[in-house]
Amino acid sequence: MTTRLFRSSTYAVSSLQRSLSTAAAATTELKPHSSHPRIDPKGKNIQWVFLGCPGVGKGTYASRLSALLGVPHIATGDLVREELSSSGPLSKQLEEIVNQGKLVSDEIIIDLLSKRLEKGESKGESGFILDGFPRTVRQAEILTDVTDIDLVVNLKLPENVLLEKCLGRRICSQCGKNFNVAAINVKGENGNPDISMAPLLPPPHCVSKLITRSDDTEAIVQERLRVYNEKSQPVEDFYRTQKKMLEFVLPGGIPETWPKLLEALNLDENEVKQSATA
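As structure tokens, then:
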């Protein structure tokens with residue numbers, strides 16, 4: 001039986017921190033995993049990971065699935081931004097790391113994630129969708145040490161599309177919602193299909209309050225993509241070997257992608273909603 005929610009969050013905190021204190025993570029025995037079965041809409045105890053380059057849409061689709069399935073969406077990027085805005089002891093250190101487009105250290109990410117798990121446990125949360133973790137093989141090994149991930153969804157887009165998406169991102173400084181002003185129309189090359197994504201524009205009352213994230217400059221985005229390709233793509237191989245990987249190339253914007261993603265996950269949106277209200 002799959003171990004649920006870090007074998008209790010209390011265990012997770014101590015295990016995650018203990019794993020980081022060792023000189024090196026032990027080699028994990030890779031286990032075969034069958035193809036992803038149809039999800040029981042009443043079984044909300046899923047444990048998923050979303051992978052993908054910065055700007056691919058991990059947060060967008062992980063949060064939609066979180067709302068549909070009734071499990072928490074835990075985005076380490078959000079945890080970092082919350083810490084940055086808190087003026088806590090890590091805020092200045094994190095600001096320097098983020099503005100340079102570098103990866104936040106394992107120790108900091110584990111600390112933030114551990115605190116989030118403790119908070120979730122106190123609220124009775126069950127299951128999770130992780131977004132932005134693990135980002136290195138070491139993190140993946142630590143995660144495997146303390147829980148059994150059911151499925152890893154790897155979202156993909158060409159790099160030129162990712163760059164355009166990231167440069168189009170905007171945040172409303174008042175309500176905090178995310179928008180995107182980029183209208184993407186990229187001709188497919190080498191047999192790949194065309195990709196079109198309509199902008200996700202804000203309502204009128206947010207237009208004058210839009211801001212750009214400090215790390216969404218072309219130089220920083222390109223550096224983030226370079227770091228991801230160098231450090232995080234081996235994580236894909238880690239989960240691919242375990243046969244837990246679902247590769248998903250986004251066909252377009254949300255209207256085109258959402259139904260195809262549900263189909264790939266063997267999910268029926270109407271069935272899940274009916275079950276939730278039963």
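Numbering follows the UniProt record's numbering, with no gaps: position 91 of the sequence shown is 91.
C-beta atoms are modelled at their ideal positions from N, C-alpha and C, and glycine is treated no differently.
Quick caveat, the model's predicted, so the values are computed rather than measured.
With a threshold of 16 other CB atoms inside 10 Å of the CB of Ala62, please say whether the residue is buried or exposed.
-> Numbered from 1 along the sequence shown, position 62 holds the residue referred to as residue 62. Classification for Ala62: buried.
Taking the C-alpha atoms as reference points, what is the distance between Asp237 and Lys165?
-> For the purposes of this step, residue 237 is taken as the residue at position 237 of the sequence shown. For the purposes of this step, residue 165 is taken as the residue at position 165 of the sequence shown. Their Cα atoms are separated by approximately 26 Å.
Using 8 Å as the Cβ pair cut-off and three pairs as the minimum, do the segment 245-265 and the segment 153-168 touch?
-> yes
DSSP state of Glu125 mapped onto helix, strand, coil = Here residue 125 is taken as the residue at index 125 of the sequence shown, counted from 1. Three-state result, Glu125: coil.
Count the other CB atoms within 10 Å of the CB of Thr3; is the residue buried (16 or more) or exposed (fewer)?
-> The sequence position of residue 3 within the sequence shown is 3, counting from 1. Bear in mind that the predicted position of Thr3 carries a pLDDT of just 40, short of 50, making it unreliable; the figure below should be weighed with that in mind. Under this definition Thr3 is an exposed residue.
Three-state secondary structure (DSSP) of Lys273 | In the sequence shown, the residue the question calls residue 273 occupies position 273. Helix at Lys273.
Could you tell me which uninterrupted alpha helix (DSSP H) segments, each at least 4 residues in length, are contained entirely in the segment 133-159, listed from first to last along the chain?
-> 137-146
Hey, quick one: how far does the beta strand (DSSP E) through Arg169 stretch, first residue to last?
-> Here the question's residue 169 lines up with position 169 in the sequence shown. Start and end: 169-172.
Just the C-alpha distance for Phe133 and Val49, rounded to the nearest angstrom, thanks.
-> By one-based count along the sequence shown, residue 133 stands at place 133. By one-based count along the sequence shown, residue 49 stands at place 49. Going from the Cα of Phe133 to the Cα of Val49 covers about 7 Å.
Examine the ligand MG and report whether any of its heavy atoms sits within less than 7 Å of the Cβ of Cys206.
-> In terms of ligand content, the structure shown is empty, and the ligand MG therefore cannot be addressed.
Should Val104 and Val71 be called a contact, given that it needs their Cβ atoms to be closer than 8 Å?
-> As a working note, residue 104 is residue 104 in the sequence shown. As a working note, residue 71 is residue 71 in the sequence shown. Cβ distance not < 8 Å, so Val104 and Val71 don't count as in contact.
Kindly give me the distance between the Cβ atoms of Arg116 and Ile74, rounded to whole angstroms, as I take these residues to be in contact under 8 Å.
-> Position 116 of the sequence shown, counting from 1, holds the residue named residue 116. Position 74 of the sequence shown, counting from 1, holds the residue named residue 74. The Cβ separation is near 6 Å, so the contact holds.
Between the C-alpha atoms of Cys53 and Asn229, what's the straight-line distance to the nearest angstrom?
-> Locating residue 53 in the sequence shown gives position 53, where the first residue counts as 1. Locating residue 229 in the sequence shown gives position 229, where the first residue counts as 1. If I take the Cα positions, the gap works out to 8 Å.
Put Asp237 into one of helix, strand or coil per three-state DSSP.
-> The sequence position of residue 237 within the sequence shown is 237, counting from 1. In the structure shown, Asp237 sits in a helix (DSSP, three-state: H, G or I).
Ile108: which of Gly124, Thr76, Lys231 sits nearest, CA to CA?
-> Position 108 of the sequence shown, counted from the start, is the residue given in the question as residue 108. Measuring from the Cα of Ile108, the nearest candidate turns out to be Thr76.
What does a CB cutoff of less than 8 Å around Lys187 pick up in its chain, not counting 5 residues either side in sequence?
-> Mapped onto the sequence shown, residue 187 falls at position 187. Only Asp194 meet the Cβ criterion.
Compare the beta carbon distance of Glu223 and Gly120 with 8 Å and say whether it is the shorter of the two.
-> Sequence index remark: in the sequence shown, residue 223 carries index 223 (1-based). Sequence index remark: in the sequence shown, residue 120 carries index 120 (1-based). Not in contact: Glu223 and Gly120 (Cβ atoms no closer than 8 Å).
Could you pull the start and end residues of the beta strand (DSSP E) that Asn180 belongs to?
-> Taking the sequence shown and counting its residues from 1, the one referred to as residue 180 is at position 180. Run containing Asn180: 178-180, per the beta strand (DSSP E) assignment.
What are the start and end residues of the alpha helix (DSSP H) that includes Asn99?
-> Walking along the sequence shown from the start, residue 99 turns up at place 99. Counting along the chain, the alpha helix (DSSP H) containing Asn99 begins and ends at 91-99.
Indicate the three-state DSSP secondary structure (helix, strand or coil) for Asp216 in the structure shown.
-> What you label residue 216 is simply residue 216 of the sequence shown in a count that begins at 1. If DSSP states are grouped into helix, strand and coil, Asp216 belongs with coil.
Determine the extent of the beta strand (DSSP E) in which Glu82 is found, giving its start and end residues.
-> Against the sequence shown, residue 82 aligns to sequence position 82. No beta strand (DSSP E) contains Glu82, which is instead part of the alpha helix (DSSP H) from 76-85.
Would you grab the beta carbon distance between Lys259 and Val137 for me? Rounded to a whole angstrom, and I think it's under 8 Å.
-> Position 259 of the sequence shown holds residue 259. Position 137 of the sequence shown holds residue 137. Note that residue 259 is Pro in the sequence shown here, rather than Lys. Going by Cβ atoms, the distance from Pro259 to Val137 rounds to 33 Å, so no, they are not a contact pair.
C-alpha gap between Leu143 and Leu265, whole angstroms = By 1-based counting over the sequence shown, the position of residue 143 is 143. By 1-based counting over the sequence shown, the position of residue 265 is 265. Rounded to whole angstroms, Leu143 to Leu265 spans 22 Å at the Cα level.
Work out the CA separation of Glu271 and Arg38 for me, nearest whole Å.
-> In the sequence shown, counting from the first residue as 1, residue 38 sits at position 38. In the sequence shown, counting from the first residue as 1, residue 271 sits at position 271. Residue placement at Arg38 is poorly supported in this model, since its pLDDT is 45, which falls under 50; the coordinates still yield a value, given next. About 12 Å.
According to DSSP, what are the bridge partners of His73?
-> Looking up residue 73 in the sequence shown gives position 73. BP columns for His73 point to Ile129.
Cβ neighbour criterion (16 or more within 10 Å) applied to Asn190 = On the sequence shown, position 190 is the one that residue 190 refers to. Burial call: exposed.
Which partner residues does Gln47 have in the DSSP bridge list?
-> What you label residue 47 is simply residue 47 of the sequence shown in a count that begins at 1. DSSP, once it has assigned bridges, lists Phe128 as partnering Gln47.
Exposed unless 16 or more other CB atoms sit within 10 angstroms - verdict on Ile211 = On the sequence shown, position 211 is the one that residue 211 refers to. Counting Cβ neighbours within 10 Å, Ile211 comes out exposed, since fewer than 16 surround it.
What is the residue span of the beta strand (DSSP E) that Val186 lies within?
-> One-based indexing of the sequence shown puts residue 186 at position 186. 184-186 is the extent of the beta strand (DSSP E) around Val186.
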